[in-house]
Structure formats: structure tokens, C-alpha cells
Amino acid sequence: MEMETIKLTIDNKTVEVPKGTTINKAAKELGIDIPVLCYMELKDLCIENKPAGCRICVVEVQGRRNLAPSCATKCEEGMVVKTHTTRVLNARRTVMEFILSDHPKECLICAKSGNCELQSMAHQLGIKEIPGQEIAAMSTYKKDTSPSIIRDQDKCILCRRCEMMCNEVQTVGALSAVNRGFMATVAPAFEQNLEHSTCTYCGQCVAVCPTGALTEVDNTPDVLRALADPSKTVIVQTAPAVRAALGEMFGMEPGTLVTGKMVTALRALGFDYVFDTDFAADLTIMEEGTELLDRLTRHLNGDKTARLPILTSCCPGWVNFFEEYFPDLKDVPSTAKSPQQMFGAIAKTYFADKIKIDRKDLVVVSIMPCLAKKYECQRDEFSVDGNRDVDFSISTRELASFIKQANLDLNNLEEGEFDAPLGESTGAGVIFGATGGVIEAAVRTAYELHTAKKLDRLDFTELRGLEGVRSATIDFNGLPINIGIAHGLGNARKLLNDVRAGKSLFHAIEVMACPGGCIGGGGQPLHHGNSEIIKARAAAIYREDKQKPLRKSHENPFIIKLYEEFLGKPNSEKAHHLLHTHYFDKKKKIIVKQ
Amino acid sequence: MPREKMQIIVCGGTSCNGNNGEAVIDNIRLELEANALENDIRVVRSGCFGLCTMGPIVKIMPGDTIYTKVTPDDAHEIVSEHIMKGRKVERLLYKDPEGKKPLTTEKELTSHKKQIRIALRNCGIINPENIEDAIAHKGYEALATVLTELKPQDVIRIIKDSGLRGRGGGGFPTGLKWEIAYKNKSDEKYVVCNADEGDPGAFMDRSVLEGDPHAVLEAMIICGYAIEAHNGLIYIRAEYPLAVARLKSAIQQARDYGLLGKDILGTGFDFDIDIRYGAGAFVCGEETALIHSMEGLRGEPTVKPPFPAESGFRGKPTNVNNVETFACISPIILKGAAWFAGIGTEKSKGTKVFALAGKINNVGLIEVPMGITLREVIFEIGGGIRKGKKFKAAQTGGPSGGCLTEKHLDLPIDFDNLTAAGSMMGSGGLIVMDEDDCMVSVAKFFLDFTVEESCGKCSPCRIGNKRLHELLEHITKGKGTLADLDRLKNMSLVIKDTSLCGLGQSSPNPVLSTLTNFRDEYEAHVTLKKCPAGKCKDLMEYFIISANCVGCTACARVCPVGAITGERKEPHLINPSICIKCGACMEKCKFDAIIIQ
Amino acid sequence: MSSIKIELRQEDVNKIREICTSFKNDPQELINVLHKCQEHFGYLPAEVQEVISNELVVPVAKVYGVVTFYSFFTMTPKGKHPISICMGTACYVRGAEKVLEEFKKELGLQVGQTSADGKFSLSSLRCVGACGLAPVVMVGDKTYGRVAPDDVRNIIKEYE
Amino acid sequence: MKKIKSPEELKKLKTEALERLYGKEKIRVRVHMGTSGLASGAKEIYDFLRLELEKRSIEADVIGTGDMGYSFAEPTIEVKRPGETPVVFGNVDKIKADEIIEKYIKNGEYVDGILPVNYQSIY
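Here's what the structure looks like:
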């Protein structure tokens, strides 16, 4: 079928676009970049925020009484559009002055400074003063700090991106527009702190916030303090998705892998050992893969207590989500801890023993693409006598800032190597960073363990991609294994609803809270609505996998050694004690007063 | 029961009173006494006849004879000629402007009655809680015609031909709206009645729902038939408990009588109506916001298109009309499109209900043909300005409207003229202001309303209106500059130009129209630091005229801050640095000794 | 994120459930449910919103978002004698502001507040439609028309 | 009551309703009881009139209706004497209502406060 097209004129240039195209997109075809502020689109992830609320992108449409928001106005045949008449420019500037008049002018000390879309827009529109500021009241709100996220609604411009992410994409519903008029803002119920809400700390609100209203808790001062303490041995683990994105903060092309430079930078920052979360990812596969095979075998043998599908459990936002919304299914996910926490548990036992220090003198820092990791490492069950397995988790963004503070230019650093033994990993560990990666890694190991045959191909491309819900059947030597993949909690909810209803036909499901997986995590460099960046990061992850000499977790020699020296077998009692966890019912309870 | 005796009715309306009306009564009574008729002929005062420009008015019953512009001296002739000899006093009879033959009776004057009740036809006439009373007054007759004799397209054509335009404020042609909804095919469609009357000072929708709920129900069913919908929803303010109660009882009775539900009047057409409640958000008068509100969401508007007629309630084609619009439907069907189109102006047909309020004598609801002038509304139907003060402005269109001034008094009121004059029809609130009203404060009052009612979704409305309000406040405090007036104008224009919905697109109208029409008043505030109307507290000073002050000490006793000093029986003094300008002293003073400067 | 307990009496929970059921637990009926609950409880405390959220399966943040959008809904209990001053245009033009000021002064309350003894609460509202009686004050269901600042003390006295 | 099943039945019901409600010539009083009227005390007047007319053995229908729109003169009532044009009275309190019964209803004598009809009806 041929698509219906529409011809129109924008700034005296004619363009033909498919019916339904907005003026803004049609203008882009002509290379005219009409500024947008509240609008955001992650095209490949089918995420669009279009409240038409900021009114910055207005344009003049001939015959129309008022200006049209180009982000939300569809092209019509013969339309004549002007994007920069004096009327438009004056309106855009005046609206921007309105927005700025209700925004704190503390750019110097704002966490978003230099990376703030509002700031850039003010710059682009050439705003030099805000008339009438001296008599302008500001809408101010209570500040909110949670283990992961800081909310400063004074800086909110009501673009509604966070609300859209939290509700439509993630279906978490922690945030909503509240109040009316000048005091309208986005907040959790009763304007309480996020801690008292259903927030999963997935951080997607932070990832899309154009201003400093939503930012991560900055743990770099904690890390600096630890590094400065001579009595502490400070080790660091870096998650797979970090190396595929960190370079962006130093002007590199999205998708540039900076693994070696990152290692050098961390060492330069003073970490005593630079390890890799990928190592723990391989360990996760050993534990989770074994658990999968065990449940699968028992299930096939008719054991009714062996529930399938098994759900991955490495994503802390996802764990928070099912504890809140699906507590009735809390025995369904794998009990395996996340790689971050497996790493911490091994570091503070096996490794601390190895270097002969008390766990209290060992500080474990993680570099994560994720904000939920900050909360995860603070969970009670992940510490021993008040000493956390992972002491601090900092995001990719915080690491970049930390590196810059140390006047290191990542571009000019040499390639370093991770330290042994917790720095060695396989390609399977690397692909944890992209949606579908965990399950692909699990398949590589589970297949070989189950069938005792060698895989003839390692790239399960059917498990990759950015589609929200994906499924594939992998032939385990005659046994078809149905695999489901969801990224984004809203997609996860769909699969979970099937599981709850007993309709799920999957044997295993991978869930990642963030769209795209960890590469699109809430702690990553901001994508500002460009989904190409997320695609480039995914490509980098798979590239790194391909380069690795070993690409199957169970072939990691250091993992083999860890089991031999310390853990025994996967799912052994010791492994269970250190590497597995349990889940809690965190659904709100209605308690009846007596 | 005794037969009608001869009686004299003298208009006691404020305007006639001010024109020696009292003296007319006195003289008539004296004349009657002189002829020993005082016990046979009653003289009573009436309310306003709505003929204020012709007052004082005297009416003789029986016979309905109306005398206009009666002076006290005319009393003798009226009594001696009309009362005693039964001869009409020709020279006092009303002559129509074209100078044709005099119109003697009130009946003949009927054509000069300014009001025509279409939407309000049954209000105050029927018992709204008795459907049979409505049926006795032609209720559901139009529905019967529609269901048995007309096709949907015919109904739409009639409504289109009638020229009826939406009475909620927008003025969109109703027939066209129905046609669009009709053309959007869908398994489900909705007819929505917008009864979320939110304009402060407008209460016509409430009056219709309280007085004649069946008029609305019937029209909704007709609309349902025309656009092929089977579900109706009335979105009504929860603050209207009486209207809700009467509506509920009307719906129940209509169901009981088979006028709602399945197979209406045996024609096979199904239609039912539900009520949804508003909860105090002015913006929900905007149709997309209203629909979101009915869906249990925050009443935030969304960008149009898509219009509700394409995608409305639950994503289905939805036709939204306001109460007054619906109330006009049945008469159009029964009396024909041509009849309706014969009333009003070229582009605005029929009548419009206005709520007269403010500094006007006859506060209340009126229904007048489009094209009537402001002068007729205020000085005839409205009985003129209270306390004989000077007319200054009329605010129409509520917070979205603007102020009309003396120069607009003879402007025929219709949708387009009001818009051209910088105001708008709105839902029909008409607030009259006199010389004591400060137009900067009036603009501020409306902005205060908008700031409170803005949903907050788009930045120009959320922040811009707040800034407008702040700047007006600044000006009323005497801190403004001439440059601020330009800023006021620029902000207003941008807010209008960039806001998402009708609320923001019209909220600066009160500022712009006062700025245009009363620029001198704004300038007085910013350059002379004076409020000509004496309303702005910060710009006034209370002052005692010592010549008038007798030293009664009443003012000093009532002053809450002790700003007034003076010996008993000596002129008092107000200390301006202590005075909080509450005005208590001025109210207390019986000697007009205290003035505002 | 932490698990939260909501404390309510059983009969209150039952009442809310009954109201929600009467609207078929349809999330689109949220506003009607809120109306009914406010009618019953007099206001909409957080606990009530939590239960509604649970019953209608609407995030409680969204429920709160709706409650705070509409001025008719309130999260603070009204006084035994709620006093509302009409601030419609007709009343404004005829001096409602001064009447409101007087009430504020006499009661020592701001708009939206309830007196410490729970007796009075003060609010302003937009046009009760009794414009002929402007300025209008409502105390509970009783309407006072053509109120002058001087009348305020006597009106309050009626309820003391 | 039974449902109206056809346009003819509606017509029939209209005739019946007219007869039932307006067939018999008697004093008919409409008390305008919209929000505005009620706020001005229309309900008290309605109750007063019902009670007093019965007490004074005057056969009359007292009907509550919506408001006429005469906000400036509320409460308002309309009195129709058999065979005569209805007359509207404004600012009716109990004293005025009593006067209206005694003078106008009983004897057809006007009292102060008549509100002239200033509109055209369409039917």
C-alpha cells in the first residue's frame, strides 16, 4: 500500500511527508531544527512524550489564529509554516522568560549544569535577562532525597517526561502531576518522599529529566573519603554497560568502547584493585543457569513445586518492581543475587581472605549504569554486621565527573587491564549490559551443561534487538526451550500478568527494568531523546563480546578456580549462602485499626 | 371573586424613581383624594417595567394602558381624563420610534419587549419535578417529530439552517458540530452536555437545569438520534446540588415514561443518559479537559485536533454542547429553522441568556435576541446603574472576556462584534461596573481567577498569567512604570498566542481590553501613582475635611489602629503613616467629612 | 521504596469498598468515587485515597493528582460550620473582598484553614449563582445575602 | 405509571396532563424556587402559602418552579386568578404573602411589588 503523503511549505521550502507527520518532523526533513523542550522521543523504543506543554516549539501557520506547537501539530496539505518570524521569535523568547522566571538561577552549583536542556535552550534563545524577576514569585517545594534519586521540584519545568516514563513506560505509577496551576508539579502521592512511594529507583525519570529537578544521589564524596583513608583497601567493580557509554561524556562517539582507558582512569583515581562486574556476571550465569536447569529438570520430571518460568534477578529495579506489584510471585524469580552483590559477597569473603584483610577494611565500590544499584547495595540483607557487601555504588555519570575532577582526560589515557582474579570475564559477562544479554549468556552455558555438547554458534541474534517484548525458542538438543525477554517494566508487567494467570508458556524470562537494558540505565550519560545512542551502545557491547577469547561463562578459568577453591559447586550450600537471596512482599498493606 | 377594579400601577424601579417617580405617585394619590376616589382606586408600586428610558411609567388596569415619561404634573390629566372619563391621554402614550400610531396597551408593547424566552421558555413556568407538566408545555413533542418524521441528516440540516451557535462561549456552529460527529462512523458515540458552568457570575445553565431539565434531556436525545449515538452524559458541577437533584429526578421520570432507555416512543431508537460530576475546575469547561475529567483523570486539555467529534470520550466520537445550546433545540425543531434564524443578527441567530450582575439595578437572568445593544440591556432591561452612578464598563465573557465601555453601548451584541471589540460572548456573564470600579483592579481580579484555575499544563498559562497578575499587583501598589504597561501588553499577547487551550488563549483579554479602553487609568496608576476610582488601597489617603468635621469622635472610635486624633467637638486628623486604609472611618462619618484623596 | 501500612477502621475500609463496588471498580469513575467518599468522610485523607487506589487499581499518586487538581476535593477536614465567601464577579464587584477580610480577621483564619476547635473553616468559592444577593456568604447550607462587613460578627455569633 | 409507547400516546398524555394540571380554573400560585430563590427564602414562602391558603379555605394550586431570573427581587411568586393574566410579585416575605392573599388573591386588588412581564413567550 502506498503511503498517503502531504505537501507543505516550511520557511518557503516545499516538503512532502507522510500523512500524520508533525510540523516539527517535517521541518527536520528540510534541515530546519525547531527547538523543542518538553517533547522527547526515543524512536527505536517507541517512547514519545508529547504533552505540548512548554510551548517553545511554536510556529506560525498561515490562516491559524494563534501559534501552533510544532511537536504536536500534524501537517496538512498546502500548509504554509514559518518557523522564525518576529512573532514566533518574540513568543518563544517570552515563553522562555516565563519558564526561567520560575526556575532557580543556581546553574553554578546544579548537578545538571552543562548537561541541562533548559540551560542550552536559554543559551540558544539568547536569553540574557529575565524581565520582572524581582517581583516574580517562584513555586517552591520540599526537597526529597532517597537512596538513589534526589528530587528538587523547584527546578521542574513540567515537561512531564518523568511522569510519562514512570507511568506509561514503566507502569510504576510512583509519580503523577499534582496540584493545579502555578503550583502544579510532578510528585509521588501526598508529595511524600520517593522512599514512601512505589518507586523502583529504575532512574528512568532521571534519565529523561531535562533539568536538575531529578538527579542521582552523588556518592563520589563517599568514594573520595574511602580512597583518602589509608586504613582502607578500596576496590572497584565496573558494570558491562559503563564501558560502552562512559566515552560519551568525554566527547567520544556513542558506542566507543573505553574499557582499557576506564581501567587506567580508575587506577589513577587511586583504587587499589580494578575489577570487573563481568566476572560476577559469569558467576551469576553459573548460579542462575544451574538453577534454571535444576528447575527445568524437576519440572519435566513432574515436580509441581518447581515453578517455571524462571525469571532473571540481576536487575534491582526489576526486583523492586515485583516485590511491590507481584509479591505473590516472589518464588518465581531466580534466587541468584545480582552480579553487583555477588561481586561484593565474593570480594568481602574470598578476596578479603586472599589479601588477608578484615572485610571492614575493604571498601567495595561499584560503577553502575544504574541508580537502583545504590538502593540495592543498601538493602539490609546485603550486609554482614552492618558492613555492606558493596559499600558504594556510583553511576557512569558520577564516574565521568570524578575522572574530570581528577583532571584526567579519558581520551589520552592508555589502555589498562583489569586486575586478577575478579577482573577476568568472558563475552557472556559483557552482554549482560544489553537487553537479552543475560538470557543469551545463560543459554550459552545452560545448553552446554544440559546437553554436554559444544555450541556451534554463539550469537543468538534472535534474542537481541530493541523490541519491548521478544520471544524465541532455542533447541536444547531436541528439547525446545521457550525464552521470553522484556525490557522496560511495563513490558515486564505484561509477561508477569501472564505468569500470574498461569498462561505463560516460557521456561525462562529475562527482565531488565530499563528500556534497552543496562545500556539505557538511569545512571548512564544522558541520551537527550536520541535512541541512536542506545543502539550504538548495544552494538559496542556485542562488539566487545565478539573480541573476547572466551565467550561462555563456564569457561572463565577464574570462575572455575573460584568454585574449586572456595564455593564447591554451583548452587552448593556455600554458594547459596553467599550468592543467593530471597524476596520480600513490599505491597502496601491496609491494616485495620482495632 | 370580585371583579377587576380600576387600579393604577406606577413603576417603582430605581430608574423611574430617580425620574420623579415618587412625586408622580404622590400627585396621583392627591388627585384621587381630591376626587374622593382614594378608596376605590388603588395605586401600587411595581418593579421595573424594563422601559427605563421611557420612564416614569404609569399603567392603568384594566385595559393595560401604558403611559410613558409621566411627570408629576401629568397626574391631574390622568385622573381627570382616564380614570374619571375613561379617555386615554394620547400624548402620554408610547410612540414607536418610526412615529407610527401610538401603542396603547402593554400587549401592543409586547413587540418592544426586549426579551424573548427560548432557552428559558419553561423556567419559572413548569414544575421541574413533574414530567407531565413539561409534557403539557410541549416537552418531548420535538423528539416525537424527530423520531417519526426526520432522518438524522434532516435534523442536522435544520440545526445548521437555524444558524444556532454554541452558547458555551466558543460560538461554533452547532449543526456543523453535529454533522462532523455524524460523519465519524463508530460503533459507539457519545452526546455530552457540558453543565460545568464555571464563569464566576454566570448561572444560566443552572437556571435551565433547575427550571426545565427536560428541555436538556429532550435535546440530548435528539442529538443522539442525529449523530447516531446511544449514550448521553451530563457533566455537571457538584456545586449545583439542586440542579443535580432535579436532573436526577427528571432522568428517572423520563426513563419511567419510556422517553429514555430502549425503544423510545416505540420508534426503536435507544438512548440513555448518565450524570458525571465536575469537582471545581474551571478549565473543565474546555471540551478535551471535560472529557478527561469524565474519564476520571485530571482535567487537563490536550491539543486539538483530534477534536472530540473524532476522538472524544473513551476515544469515541463525542459531541459536546452546552446546556443553553441544548435548551434551544426543541423550539427550533417545532417552530422551524427559519423562525430561529429570523431572530438575531446575520451571523448570530436566536437569543442569548445573560446574567446581569454588578452595579446594575435589575440583577438577574435575561434572554435577549442577538443584536440587542448593550444600552438596551443595561439601561432598559437592567434598569440602569445602581445609585444613579455613572456607567463605566460592562465585562462580558467572564474571565476570558473583556470590558466594553461607553463607546460600545450601541454596538449590537453578537459573537463577532464582541470578539471584534476585544471581549467575547463567553457563557453570558455581564458584569456592570460604575465609576467606583478601578479597571486595573478588575483586570487583577480576573487574573487572580485565571491563576487559580489554570491547570498548569502549559507554561504560558501556568507562569505567564501569574506574572501578569504580579505585574498588575505591582501597578496597583503604585510601583509600576510606563514600561511595565508595554510589558503587560507583550506578555498578554504572547500568552494568548501560545497557550494550549481556550483558557490561556483568552485569559489576558481582561488585561488587554482594559489596557486599550482605560489606558489613562493605568497611566494614572503608574505615573501619578493615583487610582482614579479610589479603589487601590496603596494609592489613596483618607483625609478629614476640617470644615465638615464636627468632632463627634465616631471616626476615632472606629479606627482599628488609632490613626485618628482630635479633641471632642474639634476637627479630627488622620495620621497617614498609621492609617491602614480600611475605610471604617469613612463609613462611620455622618457628616461627609472624610474623603479619599 | 519501603512497605507502608495504612491504618483505617474496618468499617471505613468496608465503606470505601462498597462505594468502589457501586461504581464497578471502574478507574474511569474515580471522580465519582472521590465525591462519594468525601460525602461520607467529610474529606479525603491519605488513607482513604490509598484504599481507593487499591480498589480501582489506579496508582495512588494518580489519585492524589486528581484530588489536588479539583478544588472541590479537600484533604483537610472542614469545620463544623464551614464558612464560604462567594468570590464570583458579582460578589467581588459588590465588596466580597472586604467581607472575606472581615471573616479572616474575626476568625483569625486564612482561606482553607480550619479553627483549632474544629468549629469553623473558611473558604472562598466561585459563584454560588445567587448574584442577586451579592455579596453572598454560606455557612453550611445556609445562605446569607447582601452581607456587609458589619454583619460578619453577628453571623459568626449565630454559631458560637 | 405506564410507558409512552408512541407519539400518539405522548399526544394523549399531553392532553390529559393539561386537563389534570390546568383543566380546572382556580387560583394558581407559582413560587420560583431555584437556588437563587431558595437562598432568598422561597421555600418559607412556599410553605407559608400552602398552609395559609388551606387555612383560609381558598382552593389553589401552589407549585414550586425554577427561577424566573428576577434575582434582584427574589423571592418572586406568580399568581394567576382564573381568567386573568398572571401577575408576578417580587420581594415576597411572609407579610407581603399575607397581603397578596388578602388583597390580590381574594379581591383582585394589586399590592406593591408587581413585576411587569418584560419578555415575549415563544409558544
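Chains as they are written, first to last, in this note's numbering: chain L, 1 to 594; chain E, 1001 to 1597; chain G, 2001 to 2160; chain A, 3001 to 3123.
Every residue, glycine too, gets a C-beta built ideally from N, C-alpha and C.
- Sequence-ordered contacts of the segment 86-120 of chain L with chain E read Arg87, Asn90, Ala91, Thr94, Val95, Phe98, Ile99, Ser101, Asp102 [C-beta pairs closer than 8 angstroms].
- Excluding sequence positions up to five before and after Gln62/L, its CB lies within less than 6 angstroms of the CB of Val80, all in the same chain and listed in chain order.
- Of the residues Val1044/E, Asn1039/E, Thr1014/E, the one whose Cα lies closest to the Cα of Ile1025/E is Val1044/E.
- Residue pairing by DSSP places Val1320/E opposite Val1192/E in a beta bridge.
- Considering only beta carbons, the part of the segment 2050-2072 of chain G lying closer than 9 angstroms to chain L consists of Glu2050, Val2051, Ser2053, Asn2054, Val2058, Pro2059, Val2060, Ala2061, Lys2062, Val2063, Tyr2064, Gly2065, Val2066, Val2067, Thr2068, Phe2069, Tyr2070, Ser2071, in chain order.
- In the structure shown, Ile1413/E falls within a coil segment according to DSSP collapsed to helix, strand and coil.
- Its chain contains Ile1118 as the residues whose beta carbon lies nearer than 6 angstroms to that of Pro1331/E, once the 5 sequence neighbours on both sides are disregarded; these appear in chain order.
- Non-local beta-carbon contacts of Glu3052/A in its own chain, meaning distances under 8 angstroms to residues more than five positions away in sequence, involve Ala3097, Asp3098, Ile3101 in chain order.
- Tyr1235/E and Arg1276/E have their C-alpha atoms roughly 5 angstroms apart.
- Around Tyr1094/E, no beta-carbon contact reaches into chain A at under 9 angstroms, the shortest distance being about 14 angstroms.
- For Asn219/L, same chain residues with a beta-carbon under 6 angstroms away, outside a window of 5 residues either side, are Phe392, Ile394 in chain order.
- Look at Pro1062/E here: in three-state DSSP terms it is coil, with no helix or strand label.
- Nearest C-alpha to Cys1589/E among Pro1576/E, Cys1549/E, Pro1560/E, Glu1567/E: Cys1549/E.
- Per the C-alpha coordinates, the member of Thr1527/E, Ser1162/E, Asn1027/E, Val1070/E positioned closest to Gly1336/E is Ser1162/E.
- By a beta-carbon distance limit of 8 angstroms, Gly181/L contacts Val1451/E. Their separation comes to about 6 angstroms.
- Contact of Pro51/L with chain E by beta-carbon distance below 7 angstroms involves Lys1457.
- Where Met512/L is concerned, the enclosing beta strand (DSSP E) starts and stops at 508-512.
- Per DSSP, Ile3095/A is one residue of the alpha helix (DSSP H) stretching across 3094-3099.
- For the alpha helix (DSSP H) assignment, the uninterrupted runs of no fewer than 4 residues enclosed by the segment 267-329 of chain L are, from N- to C-terminal side, 277-300, 316-325.
- Glu3078/A has Arg3030/A, Val3088/A as its beta-bridge partners, per DSSP.
- At the C-beta level, Ala1279/E and Phe2023/G stay beyond 8 angstroms of one another.
- Between Gly1388/E and Ile1360/E, the gap from beta carbon to beta carbon reaches 8 angstroms or more.
- Taking Val1216/E as the centre and dropping the five residues before and after it, the same chain places the C-beta of Cys1193, Val1208, Leu1209, Val1323, Phe1326, Ala1327 closer than 7 angstroms to its C-beta, in chain order.
- Around the beta carbon of Gln2038/G, 16 or more other beta carbons sit within 10 angstroms, so the residue counts as buried.
- When only Cα atoms are considered, Leu399/L and Ala2046/G end up about 40 angstroms apart.
- In this structure the segment 1344-1364 of chain E does not touch the segment 1225-1234 of chain E; the number of beta carbon pairs closer than 8 angstroms is below three.
- Setting aside the 5 residues that flank it on each side, His1469/E is surrounded in the same chain by Lys1444, Leu1447, Asp1448, Val1451, each with a C-beta closer than 7 angstroms to its C-beta; the list follows chain order.
- Counting C-beta pairs closer than 8 angstroms gives three or more between the segment 487-507 of chain L and the segment 309-328 of chain L, which meets the contact rule.
- Looking at the DSSP output, Ala1357/E sits in a beta bridge with Ile1431/E.
- CA-to-CA, the gap between Cys199/L and Val186/L works out to about 13 angstroms.
- Rounded to the nearest angstrom, the Cβ distance from Asn482/L to Thr451/L is 17 angstroms, too far for a contact under 8 angstroms.
- Where Tyr2070/G is concerned, there is no enclosing beta strand (DSSP E), because DSSP gives it neither an H nor an E.
- Beta-bridge analysis with DSSP links Tyr1067/E to Val1058/E, Leu1093/E.
- Comparing alpha-carbon positions, the option among Ala336/L, Val88/L, Tyr141/L lying closest to Leu125/L turns out to be Val88/L.
- Here the C-alpha atom of Pro147/L lies approximately 27 angstroms from the C-alpha atom of Val2057/G.
- Rounded to whole angstroms, the separation of the alpha carbons of Gln133/L and Pro2082/G is 38 angstroms.
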